[in-house]
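Have a look at the structure below before the remarks.
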Amino acid sequence: MEYEALLERIRGGLGTARPAAARFELPPVDVMWEGQKTFLRNFAEYPKVLRRDPDKLLQYLSKEFAVPAERLGDKAMFIGKRAPDDFARLLKIYVKDYLECPTCKSPDTRAVRENRIPFLVCEACGARSALKGKYA
Ligand SMILES: [Zn+2]
2 MEYEALLERI RGGLGTARPA AARFELPPVD VMWEGQKTFL RNFAEYPKVL RRDPDKLLQY
62 LSKEFAVPAE RLGDKAMFIG KRAPDDFARL LKIYVKDYLE CPTCKSPDTR AVRENRIPFL
122 VCEACGARSA LKGKYA
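If you're matching positions, the sequence shown starts at 2 in our numbering and goes up one per residue.
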């Protein structure tokens, strides 16, 4: 019964066009604690998937957590103990604020700068929008 239901789910999932926003999936947060420090072990995956500057993303997380952070190779270290959910929540907000096209909701966007003003250029619909924050 369970197997049948699973098969049905798989069949149903194939060939079904998902909306652009759902196509985008963040890698699962991989966190390790050491004393009063939190290491985001797969930090480097995020800027790659998001196609954003790793330094800006780190600055963003550091500012939102209000703690110092540092990159150590592929990892990022944060002072204090943080739960994986804290990272997941912030990364989702980052996607919303710095990736999602306000016009069509596509995450396939590029952050560009003109006269030092950051813009979001959508590769799906071509819309250009102003970026509110400074961590693109
Ligand atoms: Zn768009």
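For each residue, glycine too, the CB sits at the ideal point set by N, CA and C. Here the structure is a predicted model, which means the values were calculated and not measured.
Please tell me whether, using a cut-off of 7 angstroms, the distance from the CB of residue i to the nearest non-hydrogen atom of ligand 1 is below it.
i    : result
A131 : no
A112 : no
A137 : no
S63  : no
A128 : yes
Check residue i in the structure and name its three-state DSSP category.
i    : result
A18  : The pLDDT assigned to A18 is 48, lower than 50, so where the model puts this residue is not dependable; a value taken from the coordinates is nonetheless given after this. A18: coil per DSSP, three-state reduction.
V122 : strand
A6   : helix
Need the endpoints of the alpha helix (DSSP H) that residue i sits in, please.
i   : result
A89 : 85-99
E46 : 46-51
K57 : 55-66
State buried or exposed for residue i, treating a residue as buried only when at least 16 other CB atoms are found within 10 Å of its CB.
i    : result
K57  : buried
R90  : exposed
C126 : exposed
A77  : buried
Y4   : exposed
Taking Cβ to Cβ, would you say residue i is nearer than 8 angstroms to residue j?
i    : j    : result
L121 : C102 : yes
L92  : L27  : yes
R42  : D54  : no
L51  : L100 : yes
Could you spell out where the beta strand (DSSP E) holding residue i opens and where it closes?
i    : result
F79  : 76-80
L132 : Careful: L132 lies outside any beta strand (DSSP E) and carries neither H nor E.
E115 : 110-115
L27  : Unbroken run through L27: none, as it is neither H nor E.
K38  : 38-41
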